[in-house]
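Student: Questions regarding the structure given below will be posed in turn.
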Ligand SMILES: Cc1cc2nc3c(=O)[nH]c(=O)nc-3n(C[C@H](O)[C@H](O)[C@H](O)COP(=O)(O)OP(=O)(O)OC[C@H]3O[C@@H](n4cnc5c(N)ncnc54)[C@H](O)[C@@H]3O)c2cc1C
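Chains as they are written, first to last, in the working numbering: chain A, 0 to 495; chain B, 405 to 798.
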């Protein structure tokens, strides 16, 4: 298990006073100090980690967020922003000496602006809530994480969340236009608006995916898109992971970017079928769902092209949806894959590396070996279009040593992803979970440059410390220059 | 007098920057140097030319990624992509001719540093949306990398976004990884004739709100044409074009269609700001605005400071030339009109050196935002040697 920074004893000793001070600036029900009620916030989607927060606050306005942050900054109190708490990497894990700042009361859709194809929403609106606010107008919000009924837009921005449609439509960062954010010292900044492109440095691009370490997001302007005219899907079975991987590569090289392209391996297919009876073939090694969306003429044509590609790649079963109900049934098993795996094992641990797709067979074979070595089963669901793997490691937390084995197995999988040219996380974030693996991918200098961004926003490092970066460097120390005069290269170059 | 430095690899680049840091020597960074006339004029001692950091290092069409030296000419990349029926979906524009220079000379590093994009931007994103990974040397003389070489990645801060559009003021890119996508099999353009600005924005809005996936929407006031581009698989293009014709049939204006070859030429003209190339004395602004504000902004500016211009990005981008006699190049009026019409920002892309040293070339910001940007600059380039003063006070 990971270690979090040592709690600040001075702050802990002032807990009662701090709660009282916060009560003076917030509505009565917005400050939670009672242990029973704080318990609700002790964990997020990475349930193996738990920590009772010192205090929870639920402000209602940007001005209140600003006051809380200013106060905490002046009193050296740490802040952990929190949306719905569905992070799978422990991004919203509380700190013993920290205030968890929940955005649950920021629930309004402020503006729907069809001529400008955007909507302005508060950060606590759920991802699906944005689509629901505009769907009667024929529009939707494209990024669609599987957690969309629960997760918030603020959390999506903080994690740069994706979904099954992101190969074609992009992740959160490609679908937002503007932000309002409160910095740790209480300053409120506004970036972007209803227009495109940054004024100067692209701070929105940096904030997106910054995991609550740079500021508290209090408003988001999102792009909304007209709903595609049609969507149809193919459900294709393959005798091996290799042939399924070939099919994916051949679809892309034929110039087709499907709306969604998902793959499941044998254990995942069986778990899903047993759970939702989606009609998945059980005699195949890999199953591919390819969804084409867009104008009807295009979808009908591409369905045919993909069918030909799949058959020549060696598919052993192939169904094409002809109705919406049929298309949804193809997805039913994939969408229920996580809970389905939850049924066949007391606990599971979801990984999230990305690999170059060409390395898929190698990675899956190596994963099978690791599975034997650790004595733990693994089921794979895979955003095949963009190479984002979600191995689900099955374990039982009640058996001594199994959680640790699952974590070690997971770490080995992520190292493998980096080794084949991929990355540690495709959409779930680093959080606490992958924090200590960051050096597998980044050098000390790489990380220091990221921390220098952090230092520009939050020089005292009071926002969500202990996440993302394996070691905390003081910002003053980061500022030092390590260049020694006299040992310079090119001493003969003229100077002026 | 400046001294030219032309590193051949990243280690040499790092050592050169370390030397410049040590000497606190103001330095200008260039790729092919096609955009040197953009930004505030600066006084420098050194010119760091990255054009030797060129060449495609990895290109896997099936993985949709390409890694190359930052000094690689754009045309090298585009021709490699073309032979695999792929493209840069953000359709990078070429500033060369607008600034009075030759066409087609830019490098990919320059494209990313300026976050260039073309008419497809409102549908497919800008350069920043396709910038996946980077290796760079910061103004501290240290090599660092960010991002990765795969299309989906959230590991650590998105350093590519920070460098996209930073105009060489934070770090010098040595190697970049970009996302590439299939090129469309067919392209057609629906033209509406006799359009005023209100007609054009109404038509472009209707088109952009439709599910017909319009990938270009521009208005050219000289010819009174509204152009709507449809790309993709031939069957799909045909069906969508017919649907668009029907959708817009009730609006004013005769309709006609440009075939693939004519479309290509016309959109390149829109992309590279051809209507404003000829009269080099005109100061030219690039104005990003909420698309629905375009009619009001256009009318207010033409009635005051403007001489010519046109709309791209379905109304979200206004290329605008002003009267060369104006002391501030129209900066005050333009920014004032935007502020009272839903926001947006204006950058002076072409202007005489005197004008560029007198006005804010890049959009001014709130004090808080400017201070934050200044802290980032200070943390990446503590001695302020990289393109100092080009974008802002720092
Ligand atoms: C079953 C399940 C399926 C999932 N599927 C997907 C998927 O398909 N794709 C995907 O990308 N993710 C997925 N996730 C992960 C998770 O849902 C996303 O990361 C989501 O964006 C988190 O949103 P949240 O509101 O729950 O944020 P939280 O978990 O509360 O917080 C996440 C991080 O964001 C920060 N944060 C939250 N709100 C703010 C704010 N307003 N300002 C600043 N920082 C803030 C927190 O500090 C924390 O670091 C899944 C999770 C689960 C449990």
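Just so it is clear, CB atoms sit at the ideal spot from N, CA and C, and this is done for glycine as well.
Could you tell me how far apart the beta carbons of residue 324 of chain A and residue 277 of chain A are, in whole angstroms, since I believe they sit closer than 8 Å?
Tutor: 12 Å between Cβ atoms; not a contact.
Student: Whose C-beta lies closer than 7 Å to the C-beta of residue 253 of chain A among residues of the same chain, with five residues either side of it excluded?
Tutor: 304 and 308
Student: Taking 6 Å as the cut-off, is the beta-carbon of residue 337 of chain A closer than that to any non-hydrogen atom of ligand 1?
Tutor: yes
Student: Give me the residue from A:265, A:354 and A:180 with the minimum Cα distance to residue 102 of chain A.
Tutor: A:180
Student: Enumerate in chain order the residues of its own chain whose CB-to-CB distance from residue 515 of chain B is below 8 Å, with the five nearest sequence positions on each side excluded.
Tutor: Contacts found: 478, 496 and 531.
Student: State the DSSP-derived secondary structure class of residue 592 of chain B, mapped to helix, strand or coil.
Tutor: strand
Student: Is the Cβ-Cβ distance between residue 565 of chain B and residue 468 of chain B less than 7 Å?
Tutor: no
Student: Say the cut is 6 Å; is the CB of residue 725 of chain B nearer than that to a heavy atom of ligand 2?
Tutor: Ligand 2 is not part of this structure, which contains only ligand 1.
Student: Assuming the contact rule is C-beta atoms closer than 8 Å, residue 509 of chain A and residue 392 of chain A should be a hit. Round their C-beta distance to whole Å, please.
Tutor: Because chain A here runs from 0 to 495, residue 509 of chain A falls outside it and cannot be looked at.
Student: Anything in chain A within Cβ reach of residue 558 of chain B, meaning under 7 Å, just list it in chain order.
Tutor: 158, 159, 208, 424, 425, 426 and 428
Student: Beta-carbon within less than 8 Å of residue 593 of chain B's beta-carbon, same chain only, minus the 5 sequence neighbours each way: which residues are those?
Tutor: Taking C-beta separations shorter than 8 Å and ignoring five residues to either side along the sequence, the partners of residue 593 of chain B in its chain run 620, 631, 632, 633, 634, 661, 662, 666, 667, 670 and 671, following chain order.
Student: Roughly how many angstroms lie between the CA atoms of residue 471 of chain A and residue 11 of chain A, to the nearest whole one?
Tutor: In a straight line, the C-alpha of residue 471 of chain A is about 20 Å away from that of residue 11 of chain A.
Student: How about residue 72 of chain A and residue 201 of chain A: do their beta carbons lie closer than 7 Å?
Tutor: When the beta-carbon positions are compared, residue 72 of chain A and residue 201 of chain A stay at least 7 Å from each other.
Student: Quick one: which chain B residues come within Cβ less than 9 Å of residue 186 of chain A?
Tutor: 772, 775 and 776
Student: Would you mind sorting residue 405 of chain B into buried or exposed? The rule is 16 or more other CB atoms within 10 Å of its CB.
Tutor: The residue in question, residue 405 of chain B, is exposed, as its Cβ has fewer than 16 Cβ neighbours within 10 Å.
Student: Any idea what DSSP makes of residue 514 of chain B, helix, strand or coil?
Tutor: Residue state for residue 514 of chain B is assigned as helix, using DSSP reduced to three classes.
Student: Sorted by chain position, which residues of the same chain lie with C-beta nearer than 8 Å to residue 14 of chain A's C-beta, five sequence neighbours on each side aside?
Tutor: 32, 53 and 54
Student: Return the bridge partner residues of residue 162 of chain A from the DSSP annotation.
Tutor: BP columns for residue 162 of chain A are empty, so no partner.
Student: Leaving out five residues before and five after residue 494 of chain A in sequence, what residues of the same chain have Cβ atoms less than 6 Å from its Cβ?
Tutor: For residue 494 of chain A, the predicted model reports a pLDDT of 42, less than 50, meaning its position is unreliable and no value from the coordinates is stated.
Student: Please list, in chain order, the residues of the region 251–270 of chain A that have any C-beta partner in chain D closer than 9 Å.
Tutor: Considering every chain present, this structure includes no chain D. Its protein chains are A and B.
Student: For a contact defined as C-beta to C-beta under 9 Å, what are the partners of residue 512 of chain B on chain A?
Tutor: Chain A residues near residue 512 of chain B: none, gap ~17 Å exceeds 9 Å.
Student: Between the Cα of residue 512 of chain B and the Cα atoms of B:554, B:569, B:552 and B:549, which residue gives the shortest distance?
Tutor: B:569
Student: Exposed or buried, what is residue 281 of chain A when buried is set at 16 or more other beta-carbons lying within 10 Å of its beta-carbon?
Tutor: exposed
Student: Given residue 195 of chain A, which residues of its chain have a CB within under 8 Å of its CB, disregarding the five upstream and five downstream residues?
Tutor: The beta carbon of residue 195 of chain A sits closer than 8 Å to the beta carbons of 176 from its chain, once the five residues preceding and following it are set aside; these are given in chain order.
Student: How would you label residue 484 of chain A, buried or exposed, when you count the other beta carbons within 10 angstroms and need 16 or more for buried?
Tutor: Caution is warranted here: a pLDDT of 45 is assigned to residue 484 of chain A, below 50, making its placement in the model unreliable, and no coordinate value can be reported.
Student: CB-CB under 7 Å to residue 465 of chain B, same chain, minus the five flanking residues each way: which ones, in chain order?
Tutor: 488 and 490
Student: Quick one, which of A:263, A:255 and A:424 has its alpha-carbon nearest residue 241 of chain A's?
Tutor: A:263
Student: Which chain A residues are close to residue 761 of chain B, counting only those with a beta carbon under 8 Å from its beta carbon?
Tutor: The contacting residues do not exist; residue 761 of chain B stays about 18 Å from chain A at best.
Student: Under 7 Å, Cβ to Cβ, is there at least one residue of chain A near residue 534 of chain B?
Tutor: no
Student: In the DSSP assignment, find the alpha helix (DSSP H) that holds residue 737 of chain B and state where it starts and stops.
Tutor: 735–743
Student: Identify each residue in the region 341–375 of chain A for which the Cβ-Cβ distance to at least one residue of chain B is less than 8 Å, and report them in chain order.
Tutor: 353, 354, 355, 356 and 357
Student: Just checking residue 696 of chain B against ligand 1 - is the residue's beta carbon closer than 6 Å to any of the ligand's heavy atoms?
Tutor: no
Student: Just by C-beta distance, which residues in the region 625–643 of chain B are closer than 9 Å to chain A?
Tutor: Answer set for the region 625–643 of chain B: 636, 637, 638, 639, 640, 641, 642 and 643.
Student: Following a CB-centred definition, is residue 102 of chain A positioned closer than 6 Å to any heavy atom of ligand 1?
Tutor: At least one heavy atom of ligand 1 falls within 6 Å of the beta-carbon of residue 102 of chain A.
Student: Is residue 767 of chain B close to chain A? Criterion is C-beta to C-beta, closer than 7 Å.
Tutor: yes
Student: From this set, A:372, A:366 and A:386, which residue's C-alpha is nearest residue 378 of chain A's C-alpha?
Tutor: Selection A:372, A:366 and A:386 evaluated against residue 378 of chain A yields A:366 as nearest (Cα-Cα).
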